[in-house]
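Accompanying notes for the structure given below.
There are 2 protein chains.
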Amino acid sequence: MATLCGVDTARPRKPTLDTVAGVVGVSRATVSNAYNRPDQLSAALRERILAAALELGYAGPDPVARSLATRSSAAVGFMLGQPLTAAFSDPAVSVFLDGLASTVDGRDHCLVLMPGNETGGPRPETVARAQADVFVAYSLPDDAPALAAVRARGLPMVVVDQPVLAGAARVEVDDTGGARSAAEHLLLLGHRHFGVLTFALRPGGRTGPVDERRRTEASFRVTRDRLAGYLDVLAAAGITGVPIWEASGSRRELGRAGARWLLEQDPRPTALLCASDELAFGALRAVRDAGLTTPDDVSVTGFDDVPDAKHADPPLTTVRQPLAEKGRRAGELALRLLDGESPGGPIRVPVELVLRASTRPPR
Amino acid sequence: MATLCGVDTARPRKPTLDTVAGVVGVSRATVSNAYNRPDQLSAALRERILAAALELGYAGPDPVARSLATRSSAAVGFMLGQPLTAAFSDPAVSVFLDGLASTVDGRDHCLVLMPGNETGGPRPETVARAQADVFVAYSLPDDAPALAAVRARGLPMVVVDQPVLAGAARVEVDDTGGARSAAEHLLLLGHRHFGVLTFALRPGGRTGPVDERRRTEASFRVTRDRLAGYLDVLAAAGITGVPIWEASGSRRELGRAGARWLLEQDPRPTALLCASDELAFGALRAVRDAGLTTPDDVSVTGFDDVPDAKHADPPLTTVRQPLAEKGRRAGELALRLLDGESPGGPIRVPVELVLRASTRPPR
DNA sequence: CAGCATGACTGAAGCGCTTCAGATCCGTCC
DNA sequence: GGACGGATCTGAAGCGCTTCAGTCATGCTG
Chain B
93 MATLCGVDTA
103 RPRKPTLDTV
113 AGVVGVSRAT
123 VSNAYNRPDQ
133 LSAALRERIL
143 AAALELGYAG
153 PDPVARSLAT
163 RSSAAVGFML
173 GQPLTAAFSD
183 PAVSVFLDGL
193 ASTVDGRDHC
203 LVLMPGNETG
213 GPRPETVARA
223 QADVFVAYSL
233 PDDAPALAAV
243 RARGLPMVVV
253 DQPVLAGAAR
263 VEVDDTGGAR
273 SAAEHLLLLG
283 HRHFGVLTFA
293 LRPGGRTGPV
303 DERRRTEASF
313 RVTRDRLAGY
323 LDVLAAAGIT
333 GVPIWEASGS
343 RRELGRAGAR
353 WLLEQDPRPT
363 ALLCASDELA
373 FGALRAVRDA
383 GLTTPDDVSV
393 TGFDDVPDAK
403 HADPPLTTVR
413 QPLAEKGRRA
423 GELALRLLDG
433 ESPGGPIRVP
443 VELVLRASTR
453 PPR
Chain P
93 MATLCGVDTA
103 RPRKPTLDTV
113 AGVVGVSRAT
123 VSNAYNRPDQ
133 LSAALRERIL
143 AAALELGYAG
153 PDPVARSLAT
163 RSSAAVGFML
173 GQPLTAAFSD
183 PAVSVFLDGL
193 ASTVDGRDHC
203 LVLMPGNETG
213 GPRPETVARA
223 QADVFVAYSL
233 PDDAPALAAV
243 RARGLPMVVV
253 DQPVLAGAAR
263 VEVDDTGGAR
273 SAAEHLLLLG
283 HRHFGVLTFA
293 LRPGGRTGPV
303 DERRRTEASF
313 RVTRDRLAGY
323 LDVLAAAGIT
333 GVPIWEASGS
343 RRELGRAGAR
353 WLLEQDPRPT
363 ALLCASDELA
373 FGALRAVRDA
383 GLTTPDDVSV
393 TGFDDVPDAK
403 HADPPLTTVR
413 QPLAEKGRRA
423 GELALRLLDG
433 ESPGGPIRVP
443 VELVLRASTR
453 PPR
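Read top to bottom, the protein sequences are chains B and P.
Residue 128 in the numbering used here sits at position 36 of the first sequence; the count goes up by one each step and never skips.
Residue 172 in the numbering used here sits at position 80 of the second sequence; the count goes up by one each step and never skips.
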């Protein structure tokens, strides 16, 4: 705001707590208290200190030094099993992240994003150097090196959409159950010919049909569980050999391409079970591309119930999971862990089949 | 990996550099060198040190202490003028962010996300406490408090899609020019009746028609410029009184609602100029909702050329800006600033009108 | 008026690491 | 054989802040 003395050129270096203390003529501890514990000094003195700070261009205690002294960096690290683009363009992730970020921001904490790579997750070195005091892992592959890196640092962690990990807090959704309910719904409607459209089973960006082995050895728990949910129910009804297409990510375009392949199978499926709404949107499109209609010719179900699902054409039957709440829960859990509280048992958010217009009995 | 002595219960506290130094019998400086300057000690000794560290469960130098000593936190802060959800679900932002994040990660830096709020941008206190040594501001309102907060800390900054800010590096795109080219294209096609669909002019989430005053006083530079580009060209052709609808964000659903209103105007527009592709997607949908077709009844243009644009139905005529490149450039600039290099002049990435099937002469 | 609680402020010990000017040792070179 | 140089390793001075046990008045109680 104000310049100290007109000449600004040779300001020797950034002012510190000591600078301010020196100018005001108080101890460093007092200046610190002016910022962190206003009740520890008289209001008048505090005013003087703050005024001097402004005059000197002191922007408040240095966050890094503060972190070192308090042993807390007021940040939560976020690790994702996919490249960031995917993260951002996938509503399931972005809505989650928003819930997480706002929870965390309410406590004046920042979110530190660590880009994932091909191995699915941030590099261990990145994790080792990240300034955060708790980590949230979102859908990393089961064997992600980043997980070990967090453990090595001895920092608390909450895992989301991932297998149980000793010592980590956890928020989870019943992916298997949700998937089962979608498959059961379709079965009840009378469908006998299915196609399954899924996103990545492992890091690496493969696209194509999925065989039994790849399916059961998938390293993304979510994918594995949703697929299992679909297929188990179908198998129980005597339906096997269901064609499965793996898209490398949860994106409309990839879903469209996958659904195209599924619709070319013989017999042509009358119902498409998709592992996410985004994929389902692509499937809807592919059905139209093929000159067919949903739900008359082909029923389609999604998973997530992202905001667009109810506005799709036709509105999508899908399995709802409360994404924002999931983010908030994860954030709260992270904050509790920070306070040294025990995380308690895993938090389970509910899933629910939402019936809309994209499904109906086969012709 | 290994436990020190079977009994793990009473490990007094986390090991530090000193712990390792003590065990190996070398000085602290040497252990530090083992991690940061392998050439400063013999390979054999380094091995011994690393082995001991592993044995002790030492995960490497503490990032915070390291930052304090080196006066660098190896992180770049990212500030956004909207709530995070918007950020994540808007491909224009997410693709940018991906470019930014990967650049930054290449240098072992993290990305610190600072959620924006209603005032458009992170709270100043959040900025004051964020551990980053350079900030990237993306489309904040011109008067965002966060900008002043960065300045107060004396940290370098790169601004994107924002007005010139003394001392800040800058990457920009010619929003006005891009918008002009879209309007000119439509004019050339013979259109005379237009509607304009825009995202927020100011923070706060308003939705509705826009009058002249609100338009010219917009605090988001991007919005202001794109609108100005559209309207100036039209005005020069003698077309005034063009209806404008402001959506609170750049989302399909909001675009759909806005376009509905625009299509109800009299005379009904034969062309819709949208400030983003996402809004344009919504407009495409609204045209269909109204029982009309694009481009036969109504032409639609977007802005950005996000990946979905070419797959839209019909493929969208739009103004392309290289989003990922923008992110990368911003990242490189930030990194240069970190190295103390001068940022050089503003980086300007090109825009280009991409003609596709959503525009044609009016009937 | 002694005794004591209270409020306001200070001193100094860290927090865990980096870095740079040496100290040491040893093989070389002339 | 003594000076020199390179390779290794060490000591100690910070980096900027928090915090806790005090110190010192001051006002209040009985």
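Heads up, the beta-carbon is just placed ideally off N, CA and C, and yes, glycines get one too.
Asked: Under the three-state reduction of DSSP, which class applies to L281/B: helix, strand or coil?; Found: helix
Asked: Would you identify the three-state DSSP class for Y127/P, choosing helix, strand or coil?; Found: helix
Asked: So, is L447/B buried or exposed, given that buried needs 16 or more other C-beta atoms within 10 angstroms?; Found: exposed
Asked: Is it right to say G437/P is buried, meaning 16 or more other beta carbons lie within 10 angstroms of its own, or is it exposed?; Found: exposed
Asked: Can you round the beta-carbon distance between L192/P and A422/P to whole angstroms, since I take them to be within the 8 Å contact cut?; Found: 5 Å
Asked: Judging by CA-CA distance, which residue of V112/P, T177/P, E276/P, T362/P is the nearest neighbour of V185/B?; Found: T177/P
Asked: What are the boundary residues of the alpha helix (DSSP H) that L415/P is part of?; Found: 415-430
Asked: As an exercise, report each continuous beta strand (DSSP E) stretch of at least 3 residues that is fully enclosed by the region 306-367 of chain P, in chain order.; Found: 336-338, 363-366
Asked: In the DSSP assignment, the beta strand (DSSP E) including F227/P goes from what residue to what residue?; Found: 226-230
Asked: Please identify the residue among P301/P, F291/P, R316/P, W353/P whose C-alpha is closest to the C-alpha of A339/P.; Found: F291/P
Asked: For L427/P and Q174/P, what's the separation of their Cα atoms in angstroms?; Found: 24 Å
Asked: Counting only beta-carbon atoms, is Q223/P nearer than 9 Å to chain B?; Found: yes
Asked: Report back the beta-carbon spacing between R344/P and G374/P to the nearest angstrom; my notes put them in contact at under 8 Å.; Found: 4 Å
Asked: Could you confirm whether any beta carbon from chain B is found closer than 9 Å to the beta carbon of A241/P?; Found: yes
Asked: Measuring only between beta-carbons, confirm whether A102/B sits less than 9 Å from chain P.; Found: Reliability fails at A102/B, whose pLDDT of 43 lies under 50, so the model's placement of it is uncertain and no value is given.
Asked: Given this structure, state the Cα-to-Cα distance separating L62/P from A261/P, to the nearest angstrom.; Found: With chain P represented from 93 up to 455, any question about residue 62/P goes unanswered, as that position is not in the structure.
Asked: Taking Cβ-Cβ distances shorter than 8 Å, what residues in chain B pair up with D200/P?; Found: E217, T218, R221
Asked: So, is D381/P buried or exposed, given that buried needs 16 or more other C-beta atoms within 10 angstroms?; Found: exposed
Asked: Along chain B, in chain order, which residues have C-beta atoms closer than 7 Å to that of H403/P?; Found: E345
Asked: Which residues does DSSP list as the beta-bridge partners of D396/P?; Found: R412/P
Asked: Starting from R243/P, follow the alpha helix (DSSP H) in both directions and report where the run begins and ends.; Found: 237-245
Asked: Does the count of Cβ pairs from the region 237-251 of chain B and the region 298-311 of chain B closer than 8 Å reach three?; Found: no
Asked: What does a CB cutoff of less than 6 Å around A372/B pick up in its chain, not counting 5 residues either side in sequence?; Found: C366, V392, G394, L408
Asked: Could you check whether the region 132-152 of chain P touches the region 222-232 of chain B, counting it as contact only if at least three pairs of C-beta atoms, one from each stretch, sit closer than 8 Å?; Found: no
Asked: Are the CB atoms of P233/B and S311/B nearer to each other than 9 Å?; Found: yes
Asked: Contact criterion: CB-CB distance below 9 Å. Does E187/P meet it with respect to chain B?; Found: According to the sequence displayed, residue 187/P carries Val and not Glu. So yes, V187/P belongs to the interface.
Asked: Less than 8 Å between the CB atoms is what I'm expecting for V390/P and P361/P, so what's the real figure, rounded?; Found: 7 Å
Asked: Give me the Cβ distance between S124/P and V156/B, rounded to the nearest whole Å; I'm assuming they're in contact under 8 Å.; Found: Wrong, their Cβ atoms sit about 18 Å apart, outside the cutoff.
Asked: Could you confirm whether any beta carbon from chain P is found closer than 9 Å to the beta carbon of K106/B?; Found: yes
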